[in-house]
Amino acid sequence: REPIRMNPQDAHARGLRDGDIVRVWNDRGACLAGLVLTEGMLPGVVEMATGAWYDPIYPGEPDCLDVHGNPNVLTHDRPTSSLSQGPAAQSCLVEIDAWRLPLPPIRAHNAPNFVIGRLTTTKIHEKRTQEKPSTGERK
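My numbering applies: residue -11 is where the sequence shown begins, and numbers increase by one.
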């Protein structure tokens, strides 16, 4: 999970500890992150790098939880102006609470499972694996 840095005072007020998995959320979306406590953050401020691949818990469902920690689900997706089309500032208001449910798997680095006819790429791979000789001999 992508780390999120927080002041220990803020974590204590929320009952959070260093290393906890937390849900970071606002009215735009939510993602999971690994909590890193540091005195270097001002109280009331958190910092989370952009870098985690988007990995929704339910692919294809809009506005669902991102399990890998992509903070883009929390920010506006609009440019600074019609002239520049540059991204708006990557800052927003969020709330953070402990994630108490079982952790969903991170699938962002798995190969996609394409559908080819009636078979998925996973089933095709399984079929090819079963057809190979089990002794390691070459034919």
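Note that the Cβ used here is the ideal one computed from N, Cα and C, for glycine as well.
*Close Cβ partners of Leu(-3) (< 7 Å) along its chain, the five nearest in sequence each way excluded*: Working through the sequence shown from its first residue, we reach residue -3 at position 9. Note on residue identity: the sequence assigns Gln, not Leu, to residue -3. Pro31.
*Looking only at C-alpha atoms, which of Asp43, Leu25 and Arg(-11) sits nearest to Pro100?*
Counting from 1 along the sequence shown, the entry for residue 100 is found at position 112. It is Asp43.
*By Cβ distance below 6 Å, which residues in the same chain neighbour Asn60 in space, the five residues on each side in sequence not counted?*
Counted from its first residue, the sequence shown places residue 60 at position 72. Apart from the 5 residues on each side of it in sequence, Asn60 has no Cβ closer than 6 Å to any other Cβ in its chain.
*Would you say the stretch 44 to 54 touches the stretch 22 to 36, given that touching needs at least three Cβ pairs under 8 Å?*
With the rule of 3 Cβ pairs closer than 8 Å, the stretch 44 to 54 does not count as touching the stretch 22 to 36.
*Give a yes or no on whether the C-beta atoms belonging to Val34 and Ile84 are separated by under 9 Å.*
Residue numbering aside, residue 34 sits at position 46 when the sequence shown is read from its first letter. Residue numbering aside, residue 84 sits at position 96 when the sequence shown is read from its first letter. Yes, the Cβ-Cβ distance between Val34 and Ile84 is below 9 Å.
*Is the beta carbon of Arg11 within less than 8 Å of some heavy atom of the ligand ATP?*
Looking for the ligand ATP in the displayed structure turns up nothing, as the structure carries no ligands at all.
*State the start and end residues of the unbroken alpha helix (DSSP H) segment that holds Ala37.*
Position 49 of the sequence shown, counting from 1, holds the residue named residue 37. In this chain, Ala37 is not harboured by any alpha helix (DSSP H), its DSSP state being neither H nor E.
*What do you get for Asn58, buried or exposed, if any count of 16 or more other CB atoms within 10 angstroms of its CB means buried?*
To locate residue 58, count along the sequence shown from 1; it is residue 70. Sixteen is the threshold: when 16 or more other Cβ atoms of the shown chains lie within 10 Å of the Cβ of Asn58, as they do, the residue is buried.
*Distance, Cα to Cα, Ser70 vs Ala21?*
For this step, residue 70 is matched to residue 82 along the sequence shown. For this step, residue 21 is matched to residue 33 along the sequence shown. Computed Cα separation, rounded: 33 Å.
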